[in-house]
Amino acid sequence: MHDSGKGHWQTVKWILWYIHGITNIGLKFEGDDRLGQNLVGYVDSDYAGDLDKRRSIAGYMFTLVKGPISWRSTLQSTVALSTTEAEYMTVTEAFKDAIWLHELIEDLRIVQKHVDVHCDSQSAICLIKNQVYHSRTKHIDVQFHFVREIMD
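Just so we're aligned, residue 7 is where the sequence shown starts under the working numbering, counting upward by one.
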């Protein structure tokens, strides 16, 4: 901003022209009492999907009244040693977002007791539900066991 030139002004004009042209476009959310759950999350990961660093690609999406409102797709911060661990790490990140979104919709006066988060990994679901120590999962970092506390 301290050294803007003609190219910058052209870009600003283009952005303003674009915004002016789409003012009538938007998302419309309609409530439906039959839905029961308004805020729903979906979680998945791609084990070692990054060929360079062998990190897993984590992704999740939340919908409100069947319309997407929040999503994320990113490389995980650490290398997962199994598909279970990759999914478990992704579920943990999604739960953090679910808590924030749940508080947000409460501020908007949308009453919902809990948020459903769907995961397709049966091993990750079992790991979340079963509080028993397993020697094969002791390598999973403590920060990812946050999801166990939420499920209680």
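Don't be surprised by glycine CBs; every beta carbon is placed ideally from N, CA and C.
If you follow the alpha helix (DSSP H) that residue i is in, where does it begin and where does it stop?
{"i": "T69", "result": "Counting along the chain, T69 falls outside any alpha helix (DSSP H), though it belongs to the beta strand (DSSP E) covering I63 to L70."}
{"i": "S129", "result": "Q128 to K135"}
{"i": "Y24", "result": "K12 to G27"}
Residue i and residue j look like a contact to me (Cβ under 8 Å); what is the Cβ gap, rounded to whole Å?
{"i": "A86", "j": "Y53", "result": "7 Å"}
{"i": "V46", "j": "Y66", "result": "Not really, about 11 Å apart at Cβ, beyond 8 Å."}
{"i": "V123", "j": "V97", "result": "7 Å"}
{"i": "N6", "j": "I116", "result": "Outside the displayed range of the chain (7 to 158) lies residue 6, so it cannot be described from this structure."}
Pull up the DSSP beta-bridge partners for residue i, would you.
{"i": "T90", "result": "T90 is not bridged to any residue."}
{"i": "L110", "result": "Beta-bridge pairing links L110 to no other residue."}
Here's a check: name, in chain order, each residue in its chain whose Cβ is nearer than 8 Å to the Cβ of residue i, leaving out the five neighbours to either side.
{"i": "K59", "result": "L81 and V85"}
{"i": "D103", "result": "G47, Y66, F68, S76 and R78"}
Just to confirm my understanding: we take residue i, look at its own chain, exclude 5 residues before and 5 after, and list those with CB closer than 7 Å. What are they?
{"i": "S62", "result": "S51, D52, Y53, A54, G55, Q82, A86 and A92"}
{"i": "C125", "result": "V49, E93, V97 and I131"}
Provide the residue span of the beta strand (DSSP E) that contains residue i, from first to last.
{"i": "S76", "result": "G73 to L81"}
{"i": "H8", "result": "Segment: none, H8 is in no beta strand (DSSP E) and carries neither H nor E."}
{"i": "V46", "result": "L45 to D52"}
{"i": "H124", "result": "D122 to C125"}
Leaving out the 5 sequence neighbours to the left and right, which residues in its chain are closer than 6 Å to residue i when beta-carbon positions are compared?
{"i": "S79", "result": "G65"}
{"i": "I105", "result": "none"}
{"i": "S10", "result": "none"}
(request) Inspect the CB distances between the stretch 84-95 and the stretch 122-129 and report whether three or more fall short of 8 Å. (result) yes
(request) Tell me, please, whether the stretch 94-111 touches the stretch 67-86 by the rule of three or more beta-carbon pairs shorter than 8 Å. (result) yes
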